[in-house]
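Residue numbers (my numbering): 28 to 239.
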């Protein structure tokens, strides 16, 4: 099945670049483009793309305002937010309003395609942010085992992705509509299943296992 994508970004060059990249993948078709949230909202009254790639900062109506409008109209869509490094709080608010995940605008084509396919399937996509500095601080993620005896649940995988993105338990709780205590317990379960002692080692080992 071909995945239809609506690209919403106020920068023409960004929209054209995304369209050009996605045209290289036969599984994905850009069915439309909008330069602000208002135009996108109008388009979404008559079309139902599988995925909406949504910029956060736009004139007239921002990505956040579009999500608020969609929530008010009870329109449920698979939305992937496009962001930059300095939009931490905005991304969290987008997640609270129903966005399925986010991507930095400088991602590779493979990552973009993977994210679109994941979100189109109704799942969440959170791009891990793990730098070489962190890797150098913790040279070994765990004991070297490549198989987990107890696999992570889908909710634990979602939380692990948010942990990898640098979010606190309180922020994660707000994003996934759970209490901070519940998130804390699930993080402890993740650490136990990965057989590590802290969040950084959990992320590194998850990458080593191919979970992230």
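Built from N, CA and C at the ideal position, the CB exists for glycine as well. All values reported here derive from a predicted model rather than from experimental measurement.
- For residue 59, the first and last residue of its enclosing beta strand (DSSP E): Residue 59 -> beta strand (DSSP E) spans 55-61.
- Between residue 122 and the rest of its own chain, which residues show a CB-CB distance below 7 angstroms, the 5 nearest in sequence each way excluded? Contacts found: 202.
- Query: For residue 110, which beta-bridge partners are listed by DSSP?
  - Reply: Answer is 131, bridged to residue 110.
- Item | Meets three-Cβ-pair contact criterion under 8 angstroms: the segment 30-37 and the segment 48-59 | Segment contact: the segment 30-37 against the segment 48-59, three or more CB-CB distances shorter than 8 angstroms; contact assigned.
- Task: Out of 104, 97, 90, point me to the one whose CA is closest to residue 119's CA.
- Result: In terms of Cα proximity to residue 119, the closest of 104, 97, 90 is 90.
- Message: Helix, strand or coil for residue 33? Go by DSSP, reduced to three states.
- Response: Of the three classes helix, strand and coil, the one that applies to residue 33 here is strand, per DSSP.
- Three or more C-beta pairs below 8 angstroms linking the segment 36-50 and the segment 67-75: No, the segment 36-50 does not touch the segment 67-75.
- Per DSSP, what kind of secondary structure is residue 124 in: helix, strand or coil? Coil, per DSSP.
- Query: Exposed or buried, which one is residue 136 when buried takes at least 16 other CB atoms within 10 Å?
  - Reply: It counts as exposed.
- Alpha-carbon to alpha-carbon, residue 61 and residue 47: Their Cα atoms are separated by approximately 16 angstroms.
- Item | Alpha carbon of residue 219 to alpha carbon of residue 88, nearest angstrom | Their Cα atoms are separated by approximately 44 angstroms.
- Query: When you compare only the Cα positions, how much space is there between residue 125 and residue 217?
  - Reply: When rounded, the separation of the alpha-carbon atoms in residue 125 and residue 217 is 24 angstroms.
- Mapping DSSP to helix, strand and coil, what is residue 153? DSSP places residue 153 in strand when its eight states are reduced to three.
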